[in-house]
Structures are given as structure tokens and as C-alpha cells.
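*Asks:* The following block contains the structure, expressed as C-alpha cells.
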Amino acid sequence: MIQGNDFLIRYGIHNFVTYRKQGSNASFSIKKSEPTKMVHHAQDLIRGAFGETVSISFH
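First residue of the sequence shown: 442, per the numbering used here; consecutive thereafter.
Structure, rendered in C-alpha cells:
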């Protein structure tokens, strides 16, 4: 399985998405100030790699 920070860099979303590992669960946080299209793109990438139940929040 791909590691969170490597994933962010590989897909070029590391400037506006952060990753946290909480036990066995992955958690991502996306900057609210990003354009809606970029937010949706990041969400799709994250869910595609980590599953539909991954925790995604906004800051």
C-alpha cells in the first residue's frame, strides 16, 4: 500500500493536502481555500487510493 506523504507528492497535491496516520487509519485534511475543482480532484484521488471510508476533513 502506498504511504500517505509519498502519495501526496506523487499526485502533486502536497501543497494543499496534509496526511496523518492515526493507528491503522489514514486521515487527510484539505485546505478550504483551494478551488472547488481541485478539492474534488484531491478527494477522488484519495478515495481511489485509500478507499471510500477514508477520513477527509477541511481546514
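Ideal Cβ placement from N, Cα and C applies to all residues, glycine included.
(1) With C-beta atoms as the reference, is K473 less than 7 Å away from F457?
(2) Quick one: what does DSSP say Y450 is sitting in, helix, strand or coil?
(3) Leaving aside the five residues before and after S468 along the sequence, list all residues of the same chain whose C-beta is less than 6 Å from its C-beta, in chain order.
(4) Exposed or buried, what is I450 when buried is set at 16 or more other beta-carbons lying within 10 Å of its beta-carbon?
(5) Drop a sphere of 10 angstroms on the beta-carbon of G492, count the other beta-carbons inside from all chains shown, and report buried for 16 or more, exposed for fewer.
*Replies:* Here's the rundown:
(1) One thing to note: K473 has its Cβ no nearer than 7 Å to the Cβ of F457.
(2) Note that residue 450 is Ile in the sequence shown here, rather than Tyr. Reduced to three states, the DSSP call for I450 is helix.
(3) So the list reads R461, S496, once near-sequence residues are dropped.
(4) An exposed status is given to I450, since fewer than 16 other beta-carbon atoms sit within 10 Å of its beta-carbon.
(5) Exposed.
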